[in-house]
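Below: the structure, in structure tokens.
There are 2 protein chains.
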Amino acid sequence: MTSPSGTRPSAARQRDADRTRAEILEVAQRVFARDGYAGARVDEIADLTRTTKRMIYYYFGSKEQLYIAVLEKAYTEVRTVERTVDVAHLAPTAAIRTLAELTFDHHDAHREFIKLVAIENIHRGEHIRKSEVLANLGTPVLDLITRILEAGRVSGEFDTEADAIDVHMMISAFCVFRVANQHTFGALFGREMTAPQHRAKQRRMLGEMIVSYLRGS
Amino acid sequence: MTSPSGTRPSAARQRDADRTRAEILEVAQRVFARDGYAGARVDEIADLTRTTKRMIYYYFGSKEQLYIAVLEKAYTEVRTVERTVDVAHLAPTAAIRTLAELTFDHHDAHREFIKLVAIENIHRGEHIRKSEVLANLGTPVLDLITRILEAGRVSGEFDTEADAIDVHMMISAFCVFRVANQHTFGALFGREMTAPQHRAKQRRMLGEMIVSYLRGS
DNA sequence: TATAACTAACTCACTGGTTCGTACATTTGG
DNA sequence: CCAAATGTACGAACCAGTGAGTTAGTTATA
Numbered sequence: 001m002t003s004p005s006g007t008r009p010s011a012a013r014q015r016d017a018d019r020t021r022a023e024i025l026e027v028a029q030r031v032f033a034r035d036g037y038a039g040a041r042v043d044e045i046a047d048l049t050r051t052t053k054r055m056i057y058y059y060f061g062s063k064e065q066l067y068i069a070v071l072e073k074a075y076t077e078v079r080t081v082e083r084t085v086d087v088a089h090l091a092p093t094a095a096i097r098t099l100a101e102l103t104f105d106h107h108d109a110h111r112e113f114i115k116l117v118a119i120e121n122i123h124r125g126e127h128i129r130k131s132e133v134l135a136n137l138g139t140p141v142l143d144l145i146t147r148i149l150e151a152g153r154v155s156g157e158f159d160t161e162a163d164a165i166d167v168h169m170m171i172s173a174f175c176v177f178r179v180a181n182q183h184t185f186g187a188l189f190g191r192e193m194t195a196p197q198h199r200a201k202q203r204r205m206l207g208e209m210i211v212s213y214l215r216g217s
Numbered sequence: 001m002t003s004p005s006g007t008r009p010s011a012a013r014q015r016d017a018d019r020t021r022a023e024i025l026e027v028a029q030r031v032f033a034r035d036g037y038a039g040a041r042v043d044e045i046a047d048l049t050r051t052t053k054r055m056i057y058y059y060f061g062s063k064e065q066l067y068i069a070v071l072e073k074a075y076t077e078v079r080t081v082e083r084t085v086d087v088a089h090l091a092p093t094a095a096i097r098t099l100a101e102l103t104f105d106h107h108d109a110h111r112e113f114i115k116l117v118a119i120e121n122i123h124r125g126e127h128i129r130k131s132e133v134l135a136n137l138g139t140p141v142l143d144l145i146t147r148i149l150e151a152g153r154v155s156g157e158f159d160t161e162a163d164a165i166d167v168h169m170m171i172s173a174f175c176v177f178r179v180a181n182q183h184t185f186g187a188l189f190g191r192e193m194t195a196p197q198h199r200a201k202q203r204r205m206l207g208e209m210i211v212s213y214l215r216g217s
């Protein structure tokens, strides 16, 4: 995983396992996200790095394990950012709207990640299931939403049967769909969902949608 | 496409172009939806039909053209059903809720179609763009929503900046997400979104979400 | 009505290029 | 000098696509 303990990495090492691994992962993420698992070529990934195919097998063992490593890296990065969101000091309505909008921004900025998720779903989550790293990665967001919902019910701002997972799903669905399905949607309805000129309105709509729903009737 | 004009197809024909074509398409849809475009094997598709690989090339020319044919068939079927939805006699609020719920049911019942769409998006809509058949397939739904929104604004039931495409996107996002992302979502949050016991609640939530949003503040 | 001529539908066997993975030799850093 | 890291070259399986020939079914003709 990392350098053997006790080594201080010099700036210009010719041989640097960590750097090589990192570069492979980075390139692999790009290629897998672009071509899918079956469509990606190990030879191409190798050609796009400063190293060789041999090193991919040296470090990752197989195409599949490389793909799993890419998934783990991408998910971990994304969730790490998510964890830094601080909306605890806001009133429930403002808090959930802010969370929704930050989630929107986040997905808008991590399109490659969304593609990886879509690819993994096409494979029925076969690979993600093999990784223990990713098992309990979702709970922080859920805890946050649970607290917001609870506060909103107490204050009377919210009136809903939805639980934290439901709310997270509503938000994710909106944020993921406009990126993940942009091409077929664009082909059928002639609107580039992810074009910059629609961003602000969509962001507003999402916040409004969630808040309206939670307020109830 | 069809039998030469003037022939009446007998019940037990050994050679039947239409039947062969249809069987190839059916099997191909299953395999493409299961394995993706690159992951699907022409040989496997052939083995799952009563015909041979040679016939696939005889009728469809290439793997890609077969895939496009599958897409066209799937989209056309789905939109045909969509067109039969009749909510014109309902009041705006009831109409949009019914449309949302019927869309929900529809997506719930056509999971293979959703997978094909996801696959096509991974390929950035390259293939769907090549098909003129699918170019103006979206307009009927849009017309319907436009009319409902218009009526709702007139009656004062709706107060929203969203247009028909926005509303259709909101509905689709919810309906597609819970099917398309069920595996990664399940792995991360431990809830089988598409399990029958959650269906009714989710359906209700969608309708409520759309109606609440359109009502405004 | 019998059959010859014709064409669409179909089978079989094959190929050339690709692609994952590896054996083995070599180099580098500590 | 040793182990980790790297380069080269290759093999075996796979896989999209095809060349060439065959059979079923239809239509024209006697």
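Going down the list, the sequences are from chains A and B. The numbers in UniProt numbering rise by one with no breaks, and the one at position 185 of the first sequence is 185. The numbers in UniProt numbering rise by one with no breaks, and the one at position 14 of the second sequence is 14. The C-beta atom is built at its ideal place from N, Cα and C for all residues, glycine as well.
Asked                                                                                                                                                                                                : Found
Residue 166 of chain B versus chain A: which residues are under 7 Å apart at the beta carbon?                                                                                                        : 205
If we ignore side chains and look at the alpha-carbon of each, how far apart do residue 57 of chain B and residue 37 of chain B end up?                                                              : 16 Å
If you measure beta-carbon to beta-carbon, which residues of the region 94-115 of chain B are closer than 8 Å to chain A?                                                                            : 115
Assign residue 124 of chain B to one of three DSSP states: helix, strand, or coil.                                                                                                                   : coil
Where do the N-terminal and C-terminal ends of the alpha helix (DSSP H) with residue 135 of chain B fall, by residue?                                                                                : Unbroken run through residue 135 of chain B: none, as it is neither H nor E.
Determine the closest residue to residue 194 of chain A out of A:48, A:65 and A:105, with distance taken between C-alpha atoms.                                                                      : A:105
Would you report the Cα separation of residue 108 of chain A and residue 40 of chain A, rounded to the nearest angstrom?                                                                             : 24 Å
Anything in chain A within Cβ reach of residue 201 of chain B, meaning under 9 Å, just list it in chain order.                                                                                       : 161, 162 and 166
Taking only the alpha-carbon atoms, compute the straight-line gap between residue 169 of chain A and residue 178 of chain B and give it to the nearest angstrom.                                     : 8 Å
Measure the C-alpha to C-alpha separation of residue 216 of chain A and residue 92 of chain B and round it to an integer number of angstroms.                                                        : 18 Å
Does the distance from the CB of residue 114 of chain B to the CB of residue 176 of chain B come in under 8 Å?                                                                                       : yes
Report the three-state DSSP secondary structure of residue 7 of chain B (helix, strand or coil).                                                                                                     : A caution first: residue 7 of chain B carries a pLDDT of 37, below 50, which makes its placement in the model unreliable, though a value can still be read off. Reduced to three states, the DSSP call for residue 7 of chain B is coil.
Going by other Cβ atoms of all chains shown within 10 Å of its Cβ, with 16 needed for buried, is residue 97 of chain A buried or exposed?                                                            : buried
Enumerate in chain order the residues of its own chain whose CB-to-CB distance from residue 72 of chain A is below 8 Å, with the five nearest sequence positions on each side excluded.              : 131, 133 and 134
Could you tell me which whole alpha helix (DSSP H) segments of length 4 or greater appear in the region 136-183 of chain A?                                                                          : 139-155 and 164-180
Can you give me the C-alpha to C-alpha distance between residue 204 of chain B and residue 162 of chain B, rounded to a whole angstrom?                                                              : 21 Å
Could you name the residues of the same chain whose beta carbon sits closer than 8 Å to that of residue 121 of chain A, not counting the 5 residues immediately before and after it, in chain order? : none
For residue 89 of chain A, count neighbouring C-beta atoms within 10 Å of its own C-beta (all shown protein chains included) and say buried if the count is 16 or more, exposed if not.              : exposed
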